[in-house]
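Participant:
Number of protein chains: 2
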Amino acid sequence: MTEAVQAQKLPLARAIEAELVADISAGVLEPGHRLDEVTLAQRFGASRTPVREALLRLAAQGILVEGERRGMRVAEYTREQLSQIFEAMHEIEIACARIAAQRLTLLTRIEIEAAQQECVRAAEQGDRAAFLHANEVFHQTIYRATGNPFMAELAADFRRRTGPFRARKFAEKRDLIAAAKAHDRLMRDIFSKDSATASNGMMAYMTDSLSKALAAN
Amino acid sequence: MTEAVQAQKLPLARAIEAELVADISAGVLEPGHRLDEVTLAQRFGASRTPVREALLRLAAQGILVEGERRGMRVAEYTREQLSQIFEAMHEIEIACARIAAQRLTLLTRIEIEAAQQECVRAAEQGDRAAFLHANEVFHQTIYRATGNPFMAELAADFRRRTGPFRARKFAEKRDLIAAAKAHDRLMRDIFSKDSATASNGMMAYMTDSLSKALAAN
DNA sequence: TTCACCCGTTCTGTATACATTGATCAACAA
DNA sequence: TTGTTGATCAATGTATACAGAACGGGTGAA
Numbered sequence: 391m392t393e394a395v396q397a398q399k400l401p402l403a404r405a406i407e408a409e410l411v412a413d414i415s416a417g418v419l420e421p422g423h424r425l426d427e428v429t430l431a432q433r434f435g436a437s438r439t440p441v442r443e444a445l446l447r448l449a450a451q452g453i454l455v456e457g458e459r460r461g462m463r464v465a466e467y468t469r470e471q472l473s474q475i476f477e478a479m480h481e482i483e484i485a486c487a488r489i490a491a492q493r494l495t496l497l498t499r500i501e502i503e504a505a506q507q508e509c510v511r512a513a514e515q516g517d518r519a520a521f522l523h524a525n526e527v528f529h530q531t532i533y534r535a536t537g538n539p540f541m542a543e544l545a546a547d548f549r550r551r552t553g554p555f556r557a558r559k560f561a562e563k564r565d566l567i568a569a570a571k572a573h574d575r576l577m578r579d580i581f582s583k584d585s586a587t588a589s590n591g592m593m594a595y596m597t598d599s600l601s602k603a604l605a606a607n
Numbered sequence: 391m392t393e394a395v396q397a398q399k400l401p402l403a404r405a406i407e408a409e410l411v412a413d414i415s416a417g418v419l420e421p422g423h424r425l426d427e428v429t430l431a432q433r434f435g436a437s438r439t440p441v442r443e444a445l446l447r448l449a450a451q452g453i454l455v456e457g458e459r460r461g462m463r464v465a466e467y468t469r470e471q472l473s474q475i476f477e478a479m480h481e482i483e484i485a486c487a488r489i490a491a492q493r494l495t496l497l498t499r500i501e502i503e504a505a506q507q508e509c510v511r512a513a514e515q516g517d518r519a520a521f522l523h524a525n526e527v528f529h530q531t532i533y534r535a536t537g538n539p540f541m542a543e544l545a546a547d548f549r550r551r552t553g554p555f556r557a558r559k560f561a562e563k564r565d566l567i568a569a570a571k572a573h574d575r576l577m578r579d580i581f582s583k584d585s586a587t588a589s590n591g592m593m594a595y596m597t598d599s600l601s602k603a604l605a606a607n
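In order, the protein sequences belong to chains A and B. With the first sequence counted from 1, adding 390 to any position gets you our numbering. With the second sequence counted from 1, adding 390 to any position gets you our numbering.
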């Protein structure tokens, strides 16, 4: 077994899963790329069994899809499908914002503010990688602020799934700064603690986000 | 291989998955019940491989959870967790109702009405199994009426996940009849094609459903 | 040239065997 | 009596083998 994959003491299947996720996120495996069990097994120096399990798990997460023909492929969406996914994500984000606004505590408020400060800092320095990370933290913090782990998990799942497509809209430094400003507005609306204001704020934010993502794809 | 499972020409793993989902939804396998691969393999007259795959898929859907010790168990939630799951489901159902109301076609309307008629028939005859099935069809049809497969899948996932808990509230014939009446109101609200009416209708429906489910658990 | 069919190849689905881990219980010592 | 340790066993993790189905290429006929 390759040491790189075995580094941690995870079951083989999990290790392979993690490795594949990393490859897909990094764009090494592009959308539409076909994955066959035998080749992967050879690559990881393992048998087909754990590879199969890893593929299965990734398919369950929507990261891979079962091809029309045979075999698994890295998920690839038409513009229509992409807009449908964003519509669903949109709904969930709005619900999260509304619930979070209702249940805001001092602690979660501080955490959101801290995440946003990091976003602004990264945007101003034009540090794309740092911004992407801080952006994740910002949104995840809002999810957790709902106080509902299941909602948070749901929203996080969609975020993972749409990650590659959203990332494309942050090409230039001005994109980062625009996003940070949008965060500011969204944050104000959530901090209003008014459900309608919060959900309308997230609706505006997500609509903007969707149109930018579609433009970049 | 048991004929019941092989009835359709599905891969074994899928057939086993479907059978287990049915058992869990119907409450044959209760929350907390431990499932081991060998026993299931014997039950289905299959080898461990497809059983394993089925369990994996169910775990990914949150229907099963990996036990503290070893092995998979039917997901079991505290009342607090249950209410959180229902809250999330609540949000998604409301969004579905709103979107479905906006995009209602003659065909989907007819399909929803047909499903509801079957619910009423089953409720009046006190046929619990038939009612549970018709109830599923009714809700799934609403999901499909959104025209968004991803939303539909999301909602369906939650339905599968909460199946065992919702099933408990249909103990008596009068529970079935009450549920069928609630469907009627919900259907009217969705058919109004007014977003606010539809989402408020679903909100009332789900709030009622949640309180009944919590009472039964 | 083109279409259809057949055959070889390759991949997935399933079964089975082997390895390893984790749990249970008994025995012994404090 | 209780805690700890070791052995045993059962269940999971992994490997390998086999069967069946799908893709591709090539050959033949129209």
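Yeah, the Cβ is synthetic: ideal placement off N, Cα and C, and Gly gets one too.
Please list, in chain order, all residues of the same chain as G516 of chain A whose beta carbon is under 8 angstroms from its beta carbon, the five residues on each side excluded.
Facilitator: Result list for G516 of chain A: K563, L566, in chain order.
Participant: Any contact of the region 440–447 of chain B with the region 403–414 of chain B, i.e. 3+ C-beta pairs under 8 angstroms?
Facilitator: Touching, yes, given that three or more Cβ pairs across the two stretches are closer than 8 angstroms.
Participant: Check for me: the beta strand (DSSP E) holding E456 of chain A runs from which residue to which?
Facilitator: Segment 454–456, the beta strand (DSSP E) holding E456 of chain A.
Participant: From the DSSP output, read off the bridge partner residues of L425 of chain B.
Facilitator: B:M462, per the DSSP bridge assignment.
Participant: Does G422 of chain A pass the burial test, meaning 16 or more other C-beta atoms within 10 Å, or should it be called exposed?
Facilitator: It counts as exposed.
Participant: Output, in sequence order along the chain, the residues in the region 447–466 of chain B whose CB is closer than 8 angstroms to any CB in chain A.
Facilitator: From the region 447–466 of chain B, only R447, A450, Q451 have a Cβ closer than 8 angstroms to chain A.
Participant: Does the region 495–514 of chain B come close enough to the region 571–581 of chain B to have 3 or more Cβ pairs within less than 8 angstroms?
Facilitator: The answer is yes - the region 571–581 of chain B touches the region 495–514 of chain B, with three or more Cβ pairs under 8 angstroms.
Participant: Counting only the same chain and skipping the five closest in sequence on each side, list residues whose C-beta sits under 8 angstroms from that of R469 of chain B.
Facilitator: Once the five neighbours on either side are set aside, the close Cβ partners of R469 of chain B are L604, N607.
Participant: Pick from B:A431, B:R499, B:T587: whose alpha carbon is nearest that of A535 of chain B?
Facilitator: A535 of chain B has its Cα closest to that of B:R499, out of B:A431, B:R499, B:T587.
Participant: By Cβ distance below 8 angstroms, which residues in the same chain neighbour Q451 of chain A in space, the five residues on each side in sequence not counted?
Facilitator: Correct list, in chain order: D547, R550, R551.
Participant: How would you label R578 of chain B, buried or exposed, when you count the other beta carbons within 10 angstroms and need 16 or more for buried?
Facilitator: Classification for R578 of chain B: exposed.
Participant: To test your reading of the DSSP string, which unbroken alpha helix (DSSP H) runs of 4 or more residues are found completely within the region 503–549 of chain B?
Facilitator: You should have 518–534.
Participant: Taking D413 of chain B as the reference, which of B:I482, B:E514, B:L454, B:M593 has the closest Cα?
Facilitator: Checking every option, the nearest Cα to that of D413 of chain B belongs to B:L454.
Participant: In this structure, does DSSP put G591 of chain A in helix, strand or coil?
Facilitator: Of the three classes helix, strand and coil, the one that applies to G591 of chain A here is helix, per DSSP.
Participant: Report the rounded CA-to-CA distance for Q432 of chain B versus E456 of chain B, giving the unit in angstroms.
Facilitator: For Q432 of chain B and E456 of chain B, the distance between alpha carbons rounds to 21 angstroms.
Participant: What is the C-beta distance between I580 of chain A and A513 of chain A, in whole angstroms, given that I count them as a contact (C-beta under 8 angstroms)?
Facilitator: Actually they are not in contact, since the Cβ atoms of I580 of chain A and A513 of chain A sit about 19 angstroms apart, beyond 8 angstroms.
Participant: List the endpoints of the continuous alpha helix (DSSP H) containing R493 of chain A.
Facilitator: It is not in any alpha helix (DSSP H) - R493 of chain A carries neither H nor E in the DSSP assignment.
Participant: I want to see whether chain B comes within less than 9 angstroms of R442 of chain A, judged by CB atoms only; does it?
Facilitator: By this cut-off, R442 of chain A is an interface position.
Participant: Looking at the C-beta of Q474 of chain A, does it have a partner C-beta in chain B at a distance below 9 angstroms?
Facilitator: It does; some Cβ of chain B falls within 9 angstroms.
Participant: Hey, how far is the Cα of E458 of chain A from the Cα of R424 of chain A?
Facilitator: Computed Cα separation, rounded: 11 angstroms.
Participant: Of all the residues that make up the region 523–556 of chain A, which are near chain B by a beta-carbon distance shorter than 7 angstroms?
Facilitator: If the cut-off is 7 angstroms between Cβ atoms, the region 523–556 of chain A has N538, P539, F540, M541, L544 near chain B.
Participant: Taking just the CA atoms, how far does S415 of chain B sit from A524 of chain B?
Facilitator: Taking the straight line from one Cα to the other gives about 13 angstroms.
Participant: Of the residues that make up the region 484–496 of chain B, which ones have a beta carbon closer than 7 angstroms to any beta carbon in chain A?
Facilitator: From the region 484–496 of chain B, only A485 have a Cβ closer than 7 angstroms to chain A.
Participant: Which residue comes first and which comes last in the alpha helix (DSSP H) that contains S415 of chain B?
Facilitator: Unbroken alpha helix (DSSP H) run through S415 of chain B: 402–415.
Participant: Does A478 of chain A come within less than 9 angstroms of chain B when only Cβ atoms are used?
Facilitator: Chain B contact via Cβ: present.
Participant: Since A436 of chain A is in the alpha helix (DSSP H), which residue starts that stretch and which ends it?
Facilitator: No alpha helix (DSSP H) holds A436 of chain A; DSSP gives it neither H nor E.
Participant: Could you check if L410 of chain A is buried or exposed, using at least 16 other CB atoms within 10 Å of its CB as the buried criterion?
Facilitator: Buried.
Participant: Could you tell me the distance, in whole angstroms, from the CA atom of A490 of chain A to the CA atom of T587 of chain A?
Facilitator: Between A490 of chain A and T587 of chain A, the C-alpha separation is close to 12 angstroms.
Participant: Go ahead and label T531 of chain B buried or exposed: buried means 16 or more other beta carbons lie within 10 angstroms of its beta carbon, across all protein chains shown.
Facilitator: Flag for T531 of chain B reads buried.
Participant: Would you kindly work out how many angstroms separate the C-alpha atoms of A570 of chain A and L522 of chain A, rounded to a whole number?
Facilitator: If I take the Cα positions, the gap works out to 11 angstroms.
Participant: Report buried or exposed for E420 of chain B, applying the criterion of at least 16 other Cβ atoms within 10 angstroms of its Cβ.
Facilitator: With fewer than 16 Cβ atoms within 10 Å of its Cβ, E420 of chain B is classed as exposed.
Participant: Does E407 of chain B get closer than 9 angstroms to chain A when you measure Cβ to Cβ?
Facilitator: Not an interface residue.
Participant: Among B:R556, B:H529, B:R460, which has the Cα closest to the Cα of E427 of chain B?
Facilitator: Nearest of B:R556, B:H529, B:R460 to E427 of chain B, Cα basis: B:R460.
Participant: Are the CB atoms of F540 of chain B and A568 of chain A within a distance shorter than 9 angstroms?
Facilitator: No, the Cβ-Cβ distance between A568 of chain A and F540 of chain B is not below 9 angstroms.
Participant: Under a Cβ-count criterion, where at least 16 other Cβ atoms within 10 Å of its own Cβ denotes burial, should G435 of chain A be classed as buried or exposed?
Facilitator: Classification for G435 of chain A: exposed.
Participant: With a threshold of 7 angstroms on Cβ separation, who are the neighbours of A557 of chain A within its own chain once the five nearest residues in sequence on each side are excluded?
Facilitator: L522, listed in sequence order.
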